[in-house]
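Participant: These protein sequence lines are chains A and B, in that order. Under numbering that gives the first Met the number 0, the first residue of the first sequence is numbered 0, with each subsequent residue one higher. Under numbering that gives the first Met the number 0, the first residue of the second sequence is numbered 0, with each subsequent residue one higher.
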Amino acid sequence: MLPLPFRPRLPRASVRLALLAGLALAVAPAALPPQLQQAAAQLGGAQAQQKVLRISAIPDQNPEKLNRLYGLVADELSRQLKVPVKYVPVTDYTAAVSAFRTGDLDLVWFGGLTGVQARLQKPGARLLAQRDIDAAFTSVFIANTSVGLKPVRGVKGLAELKGKRFTFGSESSTSGRLMPQYYLSQAGVKLKDFAGGAPGFSGSHDATIALVQSGAYQAGAVNEQVWKSSLRSGKVDRRKVAVIWRTPGYPDYHWIAQPNLDQRFGKGFTGKVQKAFVSLRRSNPQQAQILELFGAQQFVPAPVGQYSAIEKVGREIGKIR
Amino acid sequence: MTAASAWSWRALRLAPPLLPLLPALVWLPVLLLLPGLSHGGGWDLIGQFAGAAFKPSLDPLVLSSAFTGLGVTVGIALLGWALSLVLGLVGGVLSSRTVWRTATGSALPAECIRRLLAVPRAVHELLWGLLLLQLLGLQPVVAVLAITIPYAALVARVVSDLLDALPTAGLEGLRLAGAPAGPALLTALGPALQPGVISYGGYRLECALRSATLLGVFGLGGLGTDLRLTLQSLQFRELWSGLWMLLLVMLVLEALLRVLRQRWGMPARFGLSRRSVGRGGREVVLGALLLLPLLVLVAVALGVNPLQLGQLQPLPPWTADWPAVAALPWPALIGSTLALTLLAAALAVGSAPLLLLLMAPWPWGRALMQAIWALGRLWPPPLTALLLLFVLQPGVLTAALALGFHNLGILGRLLLEAEEAAPLQAEEALAAAGAGPRLALLYGRFSALARSYLAYGAYRADVILRETVVVGLVGAAGLGSLLLEALSSFAIDQLIALVAVYVLLTLMGEDLSDRLRRRLLAA
């Protein structure tokens, strides 16, 4: 290390500047809080929380579609309920559950498993509505055609997936993980039976289709609704990937609301939200667009008892503890 | 070891310039294994991805969403960085042996604080983010804190190392002359510390931008969110709109920091010679003053509210099943995580000098390589991993390639910077004597850089160990994938165990890499 060079011209100006800097640094924190408090009031502070209904959804489809769909839903709800409605996108299934528990989301479109997780973590949360197709939702097992897997007749036939590279969708997906794993276990296939000692988790249904079609994974499980819409949009190359089995029906997606909506938005508000969904009709052009994007004819009230089957499977598999 | 083998070992000792190339040997087995791993089914997807780079989506909706996301990412990076720097400086002074010895006569408190700070450092910012999400809810402040906490602990470690490495003659002189501890420390060590701190601080800002992007990938807001969702749904043109914007910001930031570093006469990240007190102290102060209002503005715009810190939420209800946790296949999990770390580190550390040498004669090759490195730095590893899966089978090697590529981007740029700053004479002399451009570069400039580069590589290896968390997607059966699974099951008991294992591994890794670094730098 060199000796410190002697700098004759250092003092005055530098000292003054340094003093100025020190002063500014000392004053800054004092100036900070009021501004931030103001900002907080504007942006989701206590007052704003009373006024805006924050809706969200688990990210099971491509973001463009989610943004379009939930933008429409927010507009429609806002029109019917006469309160401002804001769509808050969430990228992760787990984050959606956590944000519901911490009260950052008021109304969320959950999958079967995430919905049960959310209601267990937030006692009193209200199950509002499901689509007509959600009482008996299905998944399909798909396989890369080069692997030579045969179509499966009964559930036991899934045993042919042992030793194959296999991927689920998101870890907490009902149609892309929970129910497929349940049927695999009925066929005696454990997670460690797959090639590499574990299945993959692609993160989404779209990614599962792409990865099985490319051959990264030899087989996978996806939501049948997403599979069909990929077929229609031409994203799927039928020569490369094919369905080998469709699961029996199980209850899946549903809207869940915070327990305190009535306190915050007025008496009977939760009921009004439920009615808003159930009253959506194909005959109304705006509403028809929403139902089309949801892939449903209409919404119906969701019976709580229906999801106890999902809870049971969730506990068996260890996703609910 | 017998005398004979010891002798032959010594005779085989490599010339220093060849040392950094040694890790590149890992490419031999990797290249042998790759054909077996390749399934080639997704080359058309890779082609679409590459093609989309030239025609990103210009849809105003996509652009405005990416632009907003970018703003959030940069804002989070800036706030997290600034906070971590301030806290890190305080922590650094508090964990400096010299400071405590001067103030109280004993270095013991410094050691204790040092050990304590190792814990926040050992937990990856992603884990901090997901943990804080549970406690604070979905607030912007979560992402800021997720960066601040581990970064502050890292800065503290570097600052205290810098402090303790400073010569103490001046300090002792002042103390003997009767100066009180505080002023003596400030006068003797303050100015000497400044260049190192500023240089390192600038580098941390680059890191913070990468971390903020990654946090977005896991759902904590910002552009990373768009990147992940567009990649997962294979919307490559929309993906590139965001990617190009992020690349631009990163390159501008890097260029700016580089100019400032040169202007203020700061050492490069692993510079050869330590320089004396930085020039332009006034400009540094001015810069800091300009930064303050900017930070306040960013905080207001992002809606970061310190008051939210007071509203902690309880953890979700959980039951502990410790026997089940203990029954997890720990040796296999840890083994595959360590294998992933070593492989990725060797790939990154070895490839940078190798590529630099290979490209030495061709300027366009170098430019292309730099562009690819920039992409590697920019592109979060989980997304690289997903892209790789289109053509490779999942597994440790695929995960290692993803992590290695990201870190190659970082190491490559640092090596390039150091190489440019290294004296040219030796290389020119070799070239004039008729050596080819590669040999001239190798023996001329690399020989001087070799040890400090490897020492930095050792440090990078413990960063990579922490980063294995983020490629859980493809690293079948590692700690990372188990961690993501535990998070989605809200299995807090497993999470606690996993984080504890990560902390232990990181502490051991840090210790090992410290020793390696000291040996390398001492030799």
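Built from N, CA and C at the ideal position, the CB exists for glycine as well.
1) With DSSP as the reference, label W244 (chain A) as helix, strand or coil.
2) For A145 (chain B), which residues in chain A fall below 9 Å Cβ to Cβ?
3) Let's test the definition: count the other Cβ atoms within 10 Å of the Cβ of G181 (chain B) and tell me whether it reaches 16, buried, or not, exposed.
4) So, is S232 (chain B) buried or exposed, given that buried needs 16 or more other C-beta atoms within 10 angstroms?
5) What does I54 (chain A) pair with, by DSSP beta-bridge criteria?
6) Is it a yes or a no for the region 276-283 of chain A touching the region 295-302 of chain A, going by three-plus beta-carbon pairs under 8 Å?
7) If we count the other Cβ atoms within 10 Å of its Cβ and call it buried at 16 or more, is R238 (chain A) buried or exposed?
8) Is it the case that the region 55-73 of chain B contacts the region 161-180 of chain B, given that we only count it when at least three CB pairs across the two stretches are under 8 Å?
9) Name, in chain order, the residues that DSSP records as bridge partners for I255 (chain A).
10) Considering only the alpha carbon of each residue, which of B:L410, B:L396 and B:L356 lies closest to L374 (chain B)?
11) So, for L144 (chain B): in the same chain, excluding its five sequence neighbours on each side, which residues have a beta-carbon less than 6 Å away from its beta-carbon?
12) So which of B:A439, B:T383, B:R257 and B:V390 has the shortest CA-CA distance to R412 (chain B)?
13) With a Cβ-Cβ cutoff of 9 Å, do Q212 (chain A) and V146 (chain A) count as a contact?
14) Could you pull the DSSP bridge partners for T166 (chain A) from this structure?
15) Cα separation between G110 (chain A) and S97 (chain A)?
16) Are V470 (chain B) and A398 (chain B) close, meaning C-beta to C-beta below 9 Å?
17) Could you tell me whether the Cβ atoms of L78 (chain B) and L301 (chain B) are closer together than 9 Å?
18) Report the neighbours of Q47 (chain B) on chain A: residues whose CB is nearer than 9 Å to its CB, in chain order.
19) For a contact defined as C-beta to C-beta under 9 Å, what are the partners of S523 (chain B) on chain A?
20) Check whether chain B comes within 9 Å of N222 (chain A), counting only Cβ atoms and requiring the distance to be less than that.
21) Cβ closer than 8 Å: which chain A residues qualify as neighbours of H38 (chain B)?
22) Suppose you measure from the CA of R164 (chain A) to the CA of K191 (chain A); what does that come to, to the nearest Å?
23) Considering only their Cβ atoms, is the gap separating L210 (chain A) from L388 (chain B) smaller than 9 Å?
24) On the premise that T93 (chain A) lies in contact with S523 (chain B), defined as a C-beta separation below 8 Å, what is that separation, rounded to the nearest angstrom?
25) If you pair each beta-carbon of the region 89-102 of chain B with each one of the region 432-445 of chain B, do three or more pairs fall below 8 Å?
26) Considering only DSSP beta bridges, list what A142 (chain A) is partnered with.
27) When you compare each of B:L214, B:L230 and B:R376 to L252 (chain B) by their alpha carbons, which one comes out closest?
28) Any Cβ of chain B within less than 9 Å of the Cβ of D251 (chain A)?
29) Check the Cβ-Cβ distances between S488 (chain B) and every residue of chain A, and say whether any is below 9 Å.
30) Taking just the CA atoms, how far does T113 (chain A) sit from R245 (chain A)?
31) Taking only three categories from DSSP, how would you classify F489 (chain B)?
32) Use the C-beta contact count for W226 (chain A): other C-beta atoms within 10 angstroms, 16 or more gives buried, fewer gives exposed.
33) Name the DSSP bridge partner or partners of P300 (chain A)?
34) Ignore the nearest five residues each way along the sequence and tell me which others in M358 (chain B)'s own chain have a CB closer than 7 Å to its CB.
35) Taking only beta-carbon positions, decide if Y181 (chain A) is within less than 9 Å of chain B.
36) Would you say E159 (chain A) faces chain B, with C-beta separation under 9 Å as the test?
Facilitator: Taking the coordinates as given:
1) Walking along the first sequence from the start, residue 244 (chain A) turns up at place 245. Correct three-state label for W244 (chain A): strand.
2) Here the question's residue 145 (chain B) lines up with position 146 in the second sequence. Chain A residues near A145 (chain B): none, gap ~13 Å exceeds 9 Å.
3) Your numbering for residue 181 (chain B) matches position 182 in the second sequence. G181 (chain B) is exposed by the Cβ-count criterion.
4) Here the question's residue 232 (chain B) lines up with position 233 in the second sequence. Buried, by the Cβ-count rule.
5) Within the first sequence, residue 54 (chain A) is the residue found at index 55, counting from 1. DSSP, once it has assigned bridges, lists A:Y86 and A:L106 as partnering I54 (chain A).
6) With the rule of 3 Cβ pairs closer than 8 Å, the region 276-283 of chain A counts as touching the region 295-302 of chain A.
7) On the first sequence, residue 238 (chain A) is found 239 positions in, with the first residue counted as 1. By the 10 Å Cβ count, R238 (chain A) comes out exposed.
8) no
9) Residue mapping note: residue 255 (chain A) aligns to position 256 of the first sequence, counting from 1. Answer is A:V107 and A:L126.
10) The residue labelled residue 374 (chain B) in the question sits at position 375 within the second sequence. Nearest C-alpha to L374 (chain B): B:L410.
11) For the purposes of this step, residue 144 (chain B) is taken as the residue at position 145 of the second sequence. For L144 (chain B), where only same-chain residues beyond five positions count, the Cβ hits under 6 Å are L131.
12) The residue given as residue 412 (chain B) occupies position 413 in the second sequence. Comparing Cα positions, the closest option is B:R257.
13) Taking the first residue of the first sequence as 1, we reach residue 212 (chain A) at position 213. Taking the first residue of the first sequence as 1, we reach residue 146 (chain A) at position 147. No, they are not a contact pair.
14) Here the question's residue 166 (chain A) lines up with position 167 in the first sequence. Note: T166 (chain A) sits in a beta bridge opposite A:G199 and A:G219.
15) Against the first sequence, residue 110 (chain A) aligns to sequence position 111. Against the first sequence, residue 97 (chain A) aligns to sequence position 98. Approximately 14 Å between the Cα atoms of the pair.
16) Translated into the one-based positions of the second sequence, residue 470 (chain B) becomes position 471. Translated into the one-based positions of the second sequence, residue 398 (chain B) becomes position 399. Yes, they are a contact pair.
17) As a first step, residue 78 (chain B) must be located in the second sequence, where it is residue number 79. As a first step, residue 301 (chain B) must be located in the second sequence, where it is residue number 302. Cβ distance < 9 Å, so L78 (chain B) and L301 (chain B) count as in contact.
18) Numbered from its first residue, the second sequence carries residue 47 (chain B) at position 48. The contacting residues do not exist; Q47 (chain B) stays about 11 Å from chain A at best.
19) Outside the shown range of chain B (0 to 522) lies residue 523 (chain B), about which nothing can therefore be said.
20) Along the first sequence, read from residue 1 onward, the residue named residue 222 (chain A) stands at position 223. Not a single CB atom of chain B sits nearer than 9 Å to the CB of N222 (chain A).
21) Residue mapping note: residue 38 (chain B) aligns to position 39 of the second sequence, counting from 1. Correct list: S213, G214 and A215.
22) As a first step, residue 164 (chain A) is located in the first sequence; it is residue number 165 there, counting from the start. As a first step, residue 191 (chain A) is located in the first sequence; it is residue number 192 there, counting from the start. In a straight line, the C-alpha of R164 (chain A) is about 11 Å away from that of K191 (chain A).
23) If you number the second sequence from 1, residue 388 (chain B) lands on position 389. If you number the first sequence from 1, residue 210 (chain A) lands on position 211. Yes, these two residues count as a Cβ contact at 9 Å.
24) This structure leaves residue 523 (chain B) out entirely; chain B is present only between 0 and 522.
25) no
26) On the first sequence, position 143 is the one that residue 142 (chain A) refers to. DSSP lists A:A218 and A:A241 as partners of A142 (chain A).
27) If you number the second sequence from 1, residue 252 (chain B) lands on position 253. The shortest Cα separation from L252 (chain B) among B:L214, B:L230 and B:R376 belongs to B:R376.
28) For the purposes of this step, residue 251 (chain A) is taken as the residue at position 252 of the first sequence. Look at D251 (chain A): its C-beta is not under 9 Å from any C-beta on chain B.
29) Translated into the one-based positions of the second sequence, residue 488 (chain B) becomes position 489. Yes, S488 (chain B) counts as interfacial toward chain A.
30) Mapped onto the first sequence, residue 245 (chain A) falls at position 246. Mapped onto the first sequence, residue 113 (chain A) falls at position 114. When rounded, the distance between both Cα atoms is 22 Å.
31) Taking the first residue of the second sequence as position 1, residue 489 (chain B) is located at position 490. Coil.
32) On the first sequence, position 227 is the one that residue 226 (chain A) refers to. Classification for W226 (chain A): buried.
33) Along the first sequence, one-based indexing puts residue 300 (chain A) at 301. In the DSSP output, where bridge partners are listed per residue, P300 (chain A) has A:A128.
34) Position 359 of the second sequence, counting from 1, holds the residue named residue 358 (chain B). Within the same chain, M358 (chain B) has close Cβ partners G364, R365 and M368.
35) The residue given as residue 181 (chain A) occupies position 182 in the first sequence. Taking Cβ atoms only, chain B never reaches closer than 9 Å to Y181 (chain A), which makes this a no.
36) The residue you call residue 159 (chain A) lines up with position 160 of the first sequence. Taking Cβ atoms only, chain B never reaches closer than 9 Å to E159 (chain A), which makes this a no.
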